[in-house]
Every structure is written in C-alpha cells, then in structure tokens.
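Engineer: 1363 is the number of the first residue of the sequence shown in the numbering used here; add one for each residue after it. Beta carbons: idealized from backbone N, C-alpha and C, even for Gly. This one's a predicted model, so the numbers in the text were calculated from it and none came from an experiment.
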Amino acid sequence: MNILIFSKRDLTSTVLLNDLLPRLLALPDCRLRVVLAERTRPVELVVPELTRMKYHERDLPFGTVFPKLDADPTPLPPGRLMTPTQLAARHGIEIVVARAMDDPALLATIAEFAPDLMVSCRFSFLFPPEIIALPRRGIINVHPGRLPDYAGLYPHFFSMLAGEASLGCTIHFVVPGIDNGPVLASGELPIVAGRSAFAHNLESHLLGNRLLADLILAMMDDRQIEAIPQAEYQLKLNTYPTPAEFERFHASGLSLIEATEYKDLLGRFGRSPV
C-alpha cells in the first residue's frame, strides 16, 4: 500500500514522525512518502503567545538546532530522535516541503507516488475536493482532540481551558470541510496537572499514531471498519485562541509550554543532549 503522509514542518510533527514512520514501515508491503507543510499565518506574528509557540515549534528547531545536527555525519546512537533530513536518510523515504496546497512539489509527489491512502497529521492546508477524490482508500485525518466537541485548531488548549479531565484523539475520513468526516477510531488520555498544553498535544498525537497503525493494518486485512457519521450541527469549531482566552488560560494556572519539558525534548535529538 502506498501511503502519503501530510504533516507539518515543526518540532511536534518531527517527534510524531519519529514514532509513526517505523510503525507503518513494519506493516506488510507498506511504502511511504511525506509532505511537510510550511506556513505562517498572520495571527502568529501578532499574538504574543502564538509568536512564542512559533519560535519553539519552528524557528529554533529548524533555524538553529536541526541544521547543526544535519551537518554532523556521525551515525546516531539507537533511540535518539532524528531530524526530518535524518529520518529521510534512515528510512529511505522522500520528504518534501509544501508552502501551499497547489505547490508544485506537493502535486508532483501525488502524481508520481499514486497513493492508495493519504494520512493527514497536523497538516496546515485544507484538501480540495479534487485531491480528496484521488486516493482509492481516501484521506484520513488524525485530530488531537475529541470530536465533535473540539474541532479545528488548538483542541488541547481548549480542552484544558474547559477543565476537561481528559484529552481526546479522533481519526476520521476527510471530506470537504473541517474535522467533519466520519469517525473511524478514537481514544482518550488524562490531562495531568502541571503538564503543559505543548506536552499534552504531543501525547495526543502519539496516541493517534497507535490508533492509526491499528486502523491501517485493519484496512490492509480488508477487515470491516465502521465509519460513524458526525452530525454537522454538533460540531464545535475553534480557531486560534484569542488574547482574552490566553489570559484566562494563564489565570487558571495552566501553561502553554514548560522550559524543562522543551529542553528535555530537544535533548533527545542528535548524538548527545543539545
């Protein structure tokens, strides 16, 4: 099965791919390619909290840390996290960067690879109907939140802000719209006091990897998979948090990202701690 993975050129997606690629390559007759979205929305340059997250997710890793690691040809010890460049070399997978849905690199990859299935994990662009119709197995999205309650952006943030005891993860078919396709699998993980939104979001995506691998194996085995439609009227769609919502979040004693968590995560890349 040819599987084309659409993700994002950021730190969380890089950790996600370190876990996901070996899981999928262990499945029988599975061939992979990856497209990473690179996109900065104007609001990320205006709202301080979003600018801060952009720095930690994209600017520091891809502007400073990863280029230094990629320049070191020394083989990595087992168990170390890899940059996208290192992942591509280790697994023999082509990874391309796309800056729009009509980016020539993206369209060429789809045309050349002829995917049977497309998987979206943190991808920054909406799929138009003509792309959705291409893969014979469809497009499935890994959404790091409970649907239909937390559709759209920052589901981890809004779940924590609402005082939820757990954070959901939902896998669904992609149809025109946002997070509104039939649900194929779901899971939950506890929201732990003292842990940041960044850490919870990453854990939700790693849960999604496990759900996704099981789902794709079921597809390969031609097992019957129930696709549960979502009621459009129940969908609660969020966009980026507003400054007022960030203020409420901080006033509740919640944290977007913790320095120790972040440093520990970056320290797992390369030959030795960064």
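1. Ends of the alpha helix (DSSP H) at Val1409?
2. May I ask you to verify whether the stretch 1401-1415 touches the stretch 1376-1383, counting CB pairs closer than 8 Å and requiring at least 3?
3. Could you name each continuous beta strand (DSSP E) segment of 3 residues or more that falls completely within the stretch 1466-1499, going from the start of the chain to the end?
4. Quick check: the stretch 1519-1530 against the stretch 1487-1500, are at least 3 beta-carbon pairs closer than 8 Å?
5. Using 8 Å as the threshold, is the C-beta distance between Gly1441 and Val1504 below it?
6. Quick check: the Cα distance between His1601 and Thr1436, rounded to an integer number of angstroms?
7. DSSP has Lys1370 in a bridge; who is on the other side?
8. Would you please state the rounded distance, in angstroms, between the beta carbons of Pro1510 and Gln1596? I believe it to be under 8 Å.
9. Quick check on this structure: which residue in Ile1493, Arg1452, Asp1478 has the alpha carbon closest to the alpha carbon of Met1463?
10. Ignoring anything shorter than 4 residues, give me the alpha helix (DSSP H) runs that lie fully in the stretch 1506-1551, in order along the chain.
11. Determine, using beta-carbon pairs with one atom in the stretch 1526-1543 and one in the stretch 1605-1623, whether at least three such pairs fall under 8 Å.
12. According to the neighbour-count rule (16 or more other Cβ atoms, all chains shown, within 10 Å of its Cβ), is Lys1430 buried or exposed?
13. Could you check which residue in Phe1424, Ala1399, Asn1563, Met1582 has the C-alpha nearest to that of Leu1488?
14. So the beta strand (DSSP E) Ala1589 belongs to, where does it begin and stop?
15. Within 10 Å of its beta-carbon, does His1567 have 16 or more other beta-carbons around it, so buried, or fewer, so exposed?
16. Quick one: measure Cβ to Cβ for Leu1529 and Leu1564, integer angstroms, because I've assumed they're closer than 8 Å.
17. With a CB to CB cut of under 6 Å and the five nearest residues on each side skipped, what residues in its chain are close to Gly1543?
18. Could you pull the DSSP bridge partners for Ala1460 from this structure?
19. What would DSSP say about Ile1578, mapped onto helix, strand or coil?
20. For His1418 and Arg1371, what's the separation of their Cα atoms in angstroms?
Structural biologist: Let me spell this out:
1. Walking along the sequence shown from the start, residue 1409 turns up at place 47. Here Val1409 belongs to no alpha helix (DSSP H), and DSSP marks it neither H nor E.
2. no
3. Every beta strand (DSSP E) of 3 residues or more that sits fully in the stretch 1466-1499 is shown, in chain order, as 1479-1483.
4. no
5. The sequence position of residue 1441 within the sequence shown is 79, counting from 1. The sequence position of residue 1504 within the sequence shown is 142, counting from 1. No, the pair does not count as a contact, with Cβ atoms beyond the cut-off.
6. As a first step, residue 1601 is located in the sequence shown; it is residue number 239 there, counting from the start. As a first step, residue 1436 is located in the sequence shown; it is residue number 74 there, counting from the start. What sits at residue 1601 in the sequence shown is Thr, not His. So the two alpha carbons sit approximately 42 Å from each other.
7. Here residue 1370 refers to the residue found at position 8 when the sequence shown is read from its first residue. Per DSSP, Ala1399.
8. Residue mapping note: residue 1510 aligns to position 148 of the sequence shown, counting from 1. Residue mapping note: residue 1596 aligns to position 234 of the sequence shown, counting from 1. Contact holds; Cβ gap of about 4 Å.
9. To locate residue 1463, count along the sequence shown from 1; it is residue 101. Among Ile1493, Arg1452, Asp1478, the Cα nearest to that of Met1463 belongs to Ile1493.
10. 1517-1523
11. no
12. Here residue 1430 corresponds to residue number 68 of the sequence shown, with the count starting at 1. Exposed.
13. Here residue 1488 refers to the residue found at position 126 of the sequence shown. Minimum Cα distance to Leu1488 is reached at Ala1399.
14. Translated into positions along the sequence shown, residue 1589 becomes position 227. Neither: Ala1589 is in no beta strand (DSSP E) and is coded neither H nor E.
15. Stepping through the sequence shown from its first residue, residue 1567 is reached at position 205. That one is buried.
16. As a first step, residue 1529 is located in the sequence shown; it is residue number 167 there, counting from the start. As a first step, residue 1564 is located in the sequence shown; it is residue number 202 there, counting from the start. Wrong, their Cβ atoms sit about 11 Å apart, outside the cutoff.
17. Your numbering for residue 1543 matches position 181 in the sequence shown. Closer than 6 Å at Cβ, skipping near neighbours: His1534, Phe1535, Val1536, Val1537.
18. Mapped onto the sequence shown, residue 1460 falls at position 98. In the DSSP output, where bridge partners are listed per residue, Ala1460 has Ala1399.
19. On the sequence shown, position 216 is the one that residue 1578 refers to. Here Ile1578 sits in helix by DSSP.
20. To locate residue 1418, count along the sequence shown from 1; it is residue 56. To locate residue 1371, count along the sequence shown from 1; it is residue 9. His1418 and Arg1371: Cα-Cα distance of roughly 12 Å.
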